[in-house]
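Below: one structure, written as structure tokens.
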Amino acid sequence: MQRRDGALQMKKGVNLRFVPIYILTFALFLFVGAGTSAVLIAADADLNILCWFIPVLAVFCIAFALGTYFFFSRIKKSYDSSFNQILTAFSSDKTEALMSVNNGEPTPEQLSRWVIEQTRASDNAAALMSVISAQQELSSEIFWQLTDTSSNIRYGSYWSQLYGYNDLDKSNNIRTLLSADTRADFDHALRSFKEGKSKSFTITGDLNLQPQKSVKVIIKGRPVKDEGGSITAVGTVHDIQEEIELNNSVQSEKIKKQFLLDNEKDVIYEVDVAENKLVCTTPETAKKLFGFGSMSDFDGERRPFWDRIHPDYREGFVDRFFDYNHMMIMPGRKMTHEYKIKNSAGDYIWVEHEAQVTGTRHGSVVSVIGRISDISDRKEEEFRSRYQTNNDSLTGAYLRSAVETEFNASLEDGEIKGVVVFNVNNFHFINNEYGFEYGDLVLKYIVGVLWDRQRGICAVGRVDNDTFVIAMTEAGDRRGWPKNQIVDVLNAFSQPVKIDGRMINITLTAGGSSPSSTLDFNALYAQAEAALKKCRENNGRLENAYELYREDMDRS
Numbered sequence: 368m369q370r371r372d373g374a375l376q377m378k379k380g381v382n383l384r385f386v387p388i389y390i391l392t393f394a395l396f397l398f399v400g401a402g403t404s405a406v407l408i409a410a411d412a413d414l415n416i417l418c419w420f421i422p423v424l425a426v427f428c429i430a431f432a433l434g435t436y437f438f439f440s441r442i443k444k445s446y447d448s449s450f451n452q453i454l455t456a457f458s459s460d461k462t463e464a465l466m467s468v469n470n471g472e473p474t475p476e477q478l479s480r481w482v483i484e485q486t487r488a489s490d491n492a493a494a495l496m497s498v499i500s501a502q503q504e505l506s507s508e509i510f511w512q513l514t515d516t517s518s519n520i521r522y523g524s525y526w527s528q529l530y531g532y533n534d535l536d537k538s539n540n541i542r543t544l545l546s547a548d549t550r551a552d553f554d555h556a557l558r559s560f561k562e563g564k565s566k567s568f569t570i571t572g573d574l575n576l577q578p579q580k581s582v583k584v585i586i587k588g589r590p591v592k593d594e595g596g597s598i599t600a601v602g603t604v605h606d607i608q609e610e611i612e613l614n615n616s617v618q619s620e621k622i623k624k625q626f627l628l629d630n631e632k633d634v635i636y637e638v639d640v641a642e643n644k645l646v647c648t649t650p651e652t653a654k655k656l657f658g659f660g661s662m663s664d665f666d667g668e669r670r671p672f673w674d675r676i677h678p679d680y681r682e683g684f685v686d687r688f689f690d691y692n693h694m695m696i697m698p699g700r701k702m703t704h705e706y707k708i709k710n711s712a713g714d715y716i717w718v719e720h721e722a723q724v725t726g727t728r729h730g731s732v733v734s735v736i737g738r739i740s741d742i743s744d745r746k747e748e749e750f751r752s753r754y755q756t757n758n759d760s761l762t763g764a765y766l767r768s769a770v771e772t773e774f775n776a777s778l779e780d781g782e783i784k785g786v787v788v789f790n791v792n793n794f795h796f797i798n799n800e801y802g803f804e805y806g807d808l809v810l811k812y813i814v815g816v817l818w819d820r821q822r823g824i825c826a827v828g829r830v831d832n833d834t835f836v837i838a839m840t841e842a843g844d845r846r847g848w849p850k851n852q853i854v855d856v857l858n859a860f861s862q863p864v865k866i867d868g869r870m871i872n873i874t875l876t877a878g879g880s881s882p883s884s885t886l887d888f889n890a891l892y893a894q895a896e897a898a899l900k901k902c903r904e905n906n907g908r909l910e911n912a913y914e915l916y917r918e919d920m921d922r923s
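Residues in the sequence shown are numbered consecutively from 368, following this note's numbering.
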């Protein structure tokens, strides 16, 4: 490459990069000819054969060398033409850098890399499109340009060779080739350019080459300035159809095989996001577990799967699995959710629903592979273990530590809580008079009343042989708390109750912490115990009675 008339021009003549090819080709044929001649001479071949063989071989070698020379010269001529167009598209100060690349004769790969670097930094739309025009035959991309009044598309032979499509020039506008959803995203990106909110965009969408052919593409764009100084949008379109099909196939099969290896009794399915189509890999298991004739029963219009989910878990199911806006930027994301659903017998069972998103390296979601597993046995074991840890084995009430945990977990609302302690009057008399087994029945009955009367806003615990605690843990009517709560419980024992066929008088003494600014469970519990002690001193242990905490009780 040399400078002439103030511009950079390509050197004329033979491209020195191809000289080794000429020499090697000529040497190869010369070697073959010499070898063949030596063999014929050693075999005492007829002299006439040698006389015509050697000249013919020489002529053939020379002809081949000349053909090779003209072939590569033709390639170089085409390359030089594109190269010169690129050189003229940039100012001399920028193309000066090319003189140091490969001794002034950059390879197509080096040229392409240099062009990309320069066009990214260019603010001249006309120069950019000139470069694109020269580069188009070397690329599988579609180059586009849009202004308020005009549009332009440049592309190489890639699209006609791969898809047999030659009509891109007829539209001359990239927008008309996009699907409706992709066009909406594209237009939104263009508006962001004009409003100065963004400097580039990348969109995954569909390119409609013809009515029956849609190709997945990545569309990239950025704003540049044209000669008049107004904003012009330019960019490229990359074909990712083959990558999607290949990657999705490999990813899907790998995930499905792993799911099946874990447990052959699971329901495995795949959702094609683009087609909104669901296919079940294990239809027999789906029928056995849910009674579905086919996994088309997952269809949102028929909704039998949705209707089978327990109402308490439907909102969480939607939040976890149908946040497609979030999923669209997270191929590879794994989601797991546990919920209750009716099985084929109509009973609610626990299932674990795991889903994994597959997609391209560009961030486009292709499919969702899902697995539904029956985990009823596991959940039953978890509940049993948790129950044994947190609950009294006789009455089923919480242990004190569990009540405190429930209380502390409810403090997020920051509202004043309350604690009440109940003691069964003369419980030792019941044990001595009717026996310990009957005494156990009495304790169970009392716990049942406490759970029933606390109306879902309190946690009920057993803290001693005949002592119980209730702690407000949920939002409720706090007017009159804890007085109204205590009176409600004591009224349940105002008359003899029937337990195991026997009428018996049960009375309780209660002490309640008064609502205050403290949210410490132990402090409230201490206040309730102080009120309970004061109530015993004032009323004995014969009838239902209660006291609410006052500060002077700490001094008594």
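Heads up, the beta-carbon is just placed ideally off N, CA and C, and yes, glycines get one too.
Here the structure is a predicted model, which means the values were calculated and not measured.
**Asked** For W848, which of helix, strand or coil comes out of DSSP?
**Response** Look at W848 here: in three-state DSSP terms it is coil, with no helix or strand label.
**Prompt:** Between which two residues does the beta strand (DSSP E) containing H555 stretch?
**Reply:** Segment A547 to K561 is the alpha helix (DSSP H) holding H555; no beta strand (DSSP E) there.
**Prompt:** What are the boundary residues of the beta strand (DSSP E) that includes H704?
**Reply:** Start and end: K701 to K709.
**Message:** Just to confirm before moving on: does the CB-CB distance between V786 and I813 stay below 8 Å?
**Reply:** Taking 8 Å as the Cβ cut-off, V786 and I813 do not qualify as a contacting pair.
**Item:** C-alpha gap between L857 and V816, whole angstroms
**Value:** Roughly 10 Å separates the two Cα atoms.
**Prompt:** Are the CB atoms of T603 and I509 nearer to each other than 8 Å?
**Reply:** Result yes, Cβ atoms of T603 and I509 sit closer than 8 Å.
**Request:** Under the assumption that M870 contacts K901 (Cβ atoms under 8 Å), give the Cβ distance between them as a whole number of angstroms.
**Result:** Rounded, the Cβ-Cβ distance is 31 Å, inconsistent with contact.
**Request:** Can you tell me the Cβ-Cβ gap for V718 and I742, rounded? I've got them flagged as a contact below 8 Å.
**Result:** The Cβ separation is near 6 Å, so the contact holds.
**Asked** Quick one: what's got a C-beta closer than 6 Å to K308's C-beta in the same chain, skipping five residues either side?
**Response** A question about residue 308 goes unanswered here, because the residues of the chain that appear run from 368 up to 923.
**Prompt:** Can you pull the DSSP bridge partners for V830?
**Reply:** Per DSSP, none; premise fails for V830.
**Asked** If we count Cβ pairs, one from each stretch, closer than 8 Å, do we get three or more for the segment 567 to 575 versus the segment 543 to 550?
**Response** The count of Cβ pairs closer than 8 Å, one atom from the segment 567 to 575 and one from the segment 543 to 550, reaches three, so the stretches are in contact.
**Proximal residues to E918 (C-beta, below 6 Å), its chain only, five neighbours per side dropped** = Within the same chain, E918 has no close Cβ partners at all.
**Request:** Helix, strand or coil for Y916, going by three-state DSSP, please let me know.
**Result:** Assignment of Y916 by DSSP, reduced to helix, strand and coil, places it in the coil class.
**Message:** Just to confirm my understanding: we take R370, look at its own chain, exclude 5 residues before and 5 after, and list those with CB closer than 6 Å. What are they?
**Reply:** In this prediction, R370 has a pLDDT of 35, which is less than 50 and means its spatial position is unreliable; nothing more can be read from the coordinates.
**Request:** Measure from the alpha carbon of I824 to the alpha carbon of each residue in N905, W848 and D807, then state which is nearest.
**Result:** Taking only the C-alpha atoms, the option nearest I824 is W848.
**Prompt:** Is S743 helix, strand or coil by DSSP?
**Reply:** In this structure, S743 counts as helix in the three-state DSSP scheme.
**Request:** On the DSSP bridge assignment, give the partners of D606 in chain order.
**Result:** Answer is V584, bridged to D606.
**Request:** Report yes if the CB atom of I866 is closer than 8 Å to the CB atom of L808, and no otherwise.
**Result:** Between I866 and L808, the C-beta spacing is below 8 Å.
**Message:** Going by the DSSP bridge assignment, what does W673 pair with across the sheet?
**Reply:** Bridge partners of W673: none, in fact.
**Asked** Which term fits N911, buried or exposed, when burial requires 16 or more other beta carbons within 10 angstroms of its beta carbon?
**Response** With 16 or more Cβ atoms within 10 Å of its Cβ, N911 is classed as buried.
**Prompt:** How is the alpha helix (DSSP H) around T652 delimited, first residue to last?
**Reply:** That run of the alpha helix (DSSP H) goes P650 to F657.
**Message:** Looking at E637: is its Cβ nearer than 8 Å to the Cβ of S734?
**Reply:** With respect to S734, E637 sits close: the two C-beta atoms are nearer than 8 Å.
**Message:** Between which residues of its own chain and G588 is the CB-CB distance below 6 Å, once the five residues before and five after are set aside?
**Reply:** Listed in chain order, the non-local C-beta contacts of G588 below 6 Å within the same chain comprise F568, A600 and G602, local neighbours out to five positions each way being set aside.
**Asked** When we look at the beta-carbon of L784 and count the other beta-carbons within 10 Å, is it buried (16 or more) or exposed?
**Response** The sequence as given places Lys at residue 784; Leu does not occur at that position. Counting other Cβ atoms within 10 Å of its Cβ, K784 reaches 16 or more and is therefore classed as buried.
**Prompt:** Is R675 closer than 8 Å to A764 when the C-beta atoms are compared?
**Reply:** Cβ distance not < 8 Å, so A764 and R675 don't count as in contact.
**Item:** Proximity below 8 Å, CB of Y356 to CB of A895
**Value:** Outside the shown range of the chain (368 to 923) lies residue 356, about which nothing can therefore be said.
**Prompt:** When the Cα atoms are used, what is the spatial distance from E668 to V646?
**Reply:** Per-residue confidence for E668 stands at a pLDDT of 43, beneath the threshold of 50, marking its modelled position as unreliable; the derived number appears in the next sentence. Going from the Cα of E668 to the Cα of V646 covers about 16 Å.
**Message:** Please classify H693 as buried or exposed, where buried requires at least 16 other C-beta atoms within 10 Å of its C-beta.
**Reply:** Unreliable positioning characterises H693 in this predicted model, as indicated by a pLDDT of 42, which lies under 50. The coordinate reading is nonetheless provided below. H693 is exposed by the Cβ-count criterion.
**Request:** State the Cα-Cα distance for the pair Q503 and W511, rounded to the nearest angstrom.
**Result:** Confidence at Q503 is low in this model, with a pLDDT of 48, below 50, so its placement is unreliable and no value can be given for it.
**Prompt:** What are the boundary residues of the beta strand (DSSP E) that includes I541?
**Reply:** I541 -> no beta strand (DSSP E), and no H or E assigned at all.
**Request:** Identify whether S517 lies in helix, strand or coil by the three-state DSSP scheme.
**Result:** DSSP places S517 in coil when its eight states are reduced to three.
**Item:** Cβ-based burial, Y691 [other Cβ within 10 Å; buried from 16]
**Value:** Per-residue confidence for Y691 stands at a pLDDT of 42, beneath the threshold of 50, marking its modelled position as unreliable; the derived number appears in the next sentence. So Y691 ends up on the exposed side.
**Neighbour-count burial assignment, F750, 16 or more Cβ in a 10 Å radius** = The residue in question, F750, is exposed, as its Cβ has fewer than 16 Cβ neighbours within 10 Å.
**Prompt:** By a C-beta neighbour count over all protein chains shown, 10 Å radius and 16 as the cutoff for buried, is D759 buried or exposed?
**Reply:** Label assigned to D759: buried.
**Asked** Among W673, I429, I873 and E904, which has the Cα closest to the Cα of H795?
**Response** Out of W673, I429, I873 and E904, I873 has the C-alpha closest to the C-alpha of H795.
**Request:** Please list, in chain order, all residues of the same chain as D666 whose beta carbon is under 7 Å from its beta carbon, the five residues on each side excluded.
**Result:** Residue placement at D666 cannot be trusted, given a pLDDT of 47 that sits under 50; the coordinates are not used to answer.
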